[in-house]
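One structure is given below, encoded as structure tokens.
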Amino acid sequence: MTKHHLPATPATVHWGYFSRTLAPVLTIKSGDSVTVESITHHANDDYERMIAGDAAAEEIFLWTKDQKTLRRRGAGATDGPFTYGSGEGLGVHLLTGPIAIEGAEPGDVLEVRVIDAYPRPSANPAYKGRFFGSNPSANWGFQYKDLIEEPKPREVVTIYELDMGEASVSALYSYLWTPQTDPDGIVHPTIDYPGVRVDHSTVVKKEGILPGIKVPARLHFGTMGLAPAEADFVSTIPPNYTGGNMDDWRIAKGARMYYPVAVAGGLFSCGDAHASQGDSELSGTAIEISLTGEFEFILHKKAELDGGILEGLTHPLLENDEVWSVYGFSVANYLSELGPDHQSEILKRSSLDGAMRDAFRKLRRFLMTTQKLSEDEAISLMSVAADFAVTQVVDANWGVTGTIRKALFAGR
541 MTKHHLPATP ATVHWGYFSR TLAPVLTIKS GDSVTVESIT HHANDDYERM
591 IAGDAAAEEI FLWTKDQKTL RRRGAGATDG PFTYGSGEGL GVHLLTGPIA
641 IEGAEPGDVL EVRVIDAYPR PSANPAYKGR FFGSNPSANW GFQYKDLIEE
691 PKPREVVTIY ELDMGEASVS ALYSYLWTPQ TDPDGIVHPT IDYPGVRVDH
741 STVVKKEGIL PGIKVPARLH FGTMGLAPAE ADFVSTIPPN YTGGNMDDWR
791 IAKGARMYYP VAVAGGLFSC GDAHASQGDS ELSGTAIEIS LTGEFEFILH
841 KKAELDGGIL EGLTHPLLEN DEVWSVYGFS VANYLSELGP DHQSEILKRS
891 SLDGAMRDAF RKLRRFLMTT QKLSEDEAIS LMSVAADFAV TQVVDANWGV
941 TGTIRKALFA GR
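If you're matching positions, the sequence shown starts at 541 in this note's numbering and goes up one per residue.
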């Protein structure tokens, strides 16, 4: 096994999309491990705490009227005039990768073991060694059109600090989003394009919020997965059959994720790291933070899948020491099911009913195929022993996870 390190630099990150056209920034063998740095796409919500002094972050986020290090941000148009900017924010997450795995071919399954995750410290001397994250209550959040206090609608950004000693997160302050003008002169009345630096002279900070509350840390990557085969550029926002923006806090240290390979090499990327998140990610975001992850990659060839838990797998699967979990989406494979305009059409198809139906079907198949249960046995067992939970209601292709405990099968 070879150990690799993949830093976050302008040459190793891409913003807002998965792509089968990207050349790998690292090629590894099955069994290798990689330490992957990531930087949160929300770092400019508080430049002083999350970017200043960090040379890599400063270079990645550099945007002036004359220079923009990462011009494309999203899977949208790259030829102006723009509504929001190049890529049009059709996808927002800053991802590190892609990593190619030698010998990976469509039909194989890539296992990604999460060995560890730890935060990237602030490099600003005023905050040196401390860890910060941002939680915007945004226009794509579940709450946005259902507020009871004025002004409404509104977007509010809350800045948190992570205490690794206590493994908890506490709120520092919040501010109401005000229209921000980017260096290209485009005004952003809402949070509609990633990486826009918030001018803190235009916002009013509200201090002393959530006093006495410490949220348990749940370090994880909200977005991990492989490049799909259906389009050259695919938005990072809706999750899909090759993974992506799953936003499940259970994909943490000790988890083993299995992803169907759709293109040669697999092309794994990750980012969108979180200090903590609850089921639903209700406001549109978690505590968005920069994390470094340690991963081990195992390639499972198509010819070797039958007879194990990966037999017939066409979607992401989580395994840890206690459980197996499948992921249901509003549309199981929106990239192939919704026609040529799939990336805009999925925005109209958000449905927990669809996600629950998909999770049920996937867990039924898993139990019947891997545990050799009849359909009636699988349905009964799901009803009395499986746990279905809402992962997110904010990523267009809403998510429900279906979990079954391994201990149930200990006597078989």
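Glycine included, each C-beta is placed from N, C-alpha and C at the ideal position. Note that the structure is predicted; figures quoted are calculated from it, not measured.
Quiz prompt | Distance, proline 693 Cα to leucine 687 Cα | solution = 7 Å
Self-check item: Closest Cα partner of valine 871 within the set Glu885, Glu859 and Leu858
Solution: Glu885
Self-check item: Identity of the residues DSSP links to isoleucine 906 by a beta bridge
Solution: Here residue 906 turns out to be phenylalanine, not isoleucine, going by the sequence shown. BP columns for phenylalanine 906 are empty, so no partner.
Self-check item: Assigned exposure category for alanine 767 - 16 Cβ within 10 Å defines buried
Solution: buried
Quiz item: Cβ atoms of tyrosine 798 and glutamate 645: under 9 Å apart, would you say?
Solution: no
Quiz item: Along the chain, where does the beta strand (DSSP E) that runs through phenylalanine 682 open and close?
Solution: No beta strand (DSSP E) holds phenylalanine 682; DSSP gives it neither H nor E.
Quiz item: Can you list, in chain order, the residues of its chain whose CB lies under 8 Å from that of alanine 925, leaving out five sequence neighbours each side?
Solution: Ile944, Arg945 and Leu948
Quiz item: Is lysine 912 helix, strand or coil by DSSP?
Solution: coil
Self-check item: Every unbroken beta strand (DSSP E) within the stretch 685–738, with a cutoff of 3 residues, ordered by chain
Solution: 696–703 and 708–716
Exercise. Below 6 Å CB to CB, which residues in the same chain sit around tryptophan 555 once its five sequence neighbours on both sides are set aside?
Key: Leu610, Arg613 and Leu634
Quiz item: Any idea which residues DSSP pairs alanine 929 with across the strands?
Solution: Thr941
Quiz item: glutamate 651 lies in the alpha helix (DSSP H); which residues open and close that run?
Solution: Per DSSP, glutamate 651 belongs to no alpha helix (DSSP H); it is in the beta strand (DSSP E), 649–659.
Quiz item: Hey, serine 820 and phenylalanine 682: beta-carbon distance below 9 Å or not?
Solution: yes
Quiz item: CB-CB under 6 Å to arginine 670, same chain, minus the five flanking residues each way: which ones, in chain order?
Solution: Ser662
Quiz prompt | Coarse secondary structure for serine 775, derived from DSSP in three states | solution = strand
Quiz prompt | Residues near aspartate 898 in its chain [Cβ-Cβ closer than 7 Å; skip 5 each side] | solution = Gly868, Phe869 and Ala872
Self-check item: Under 9 Å between C-beta atoms of glycine 629 and tyrosine 733
Solution: yes
Quiz item: So is threonine 931 buried or exposed if we call it buried at 16+ other beta carbons inside 10 Å?
Solution: buried
Quiz item: If alanine 678 and glycine 818 are in contact, beta carbons under 8 Å, what's the gap, nearest whole angstrom?
Solution: The pair is not a contact, with the Cβ atoms about 16 Å apart (cut-off 8 Å).
Self-check item: Contiguous alpha helix (DSSP H) assignments of at least 4 residues, all confined to the stretch 830–874
Solution: none
Practice problem: Give the C-beta separation of valine 654 and glycine 794 to the nearest angstrom, bearing in mind that I take them to be a contact with Cβ-Cβ under 8 Å. | Solution: 7 Å
Quiz prompt | Of the listed residues Pro547, Ile777, Thr575 and Tyr667, nearest to glycine 593 (C-alpha basis) | solution = Tyr667
Self-check item: Secondary structure of tyrosine 587, DSSP reduced to three states
Solution: helix
Practice problem: Classify lysine 668 as helix, strand or coil using the three-state DSSP reduction. | Solution: coil
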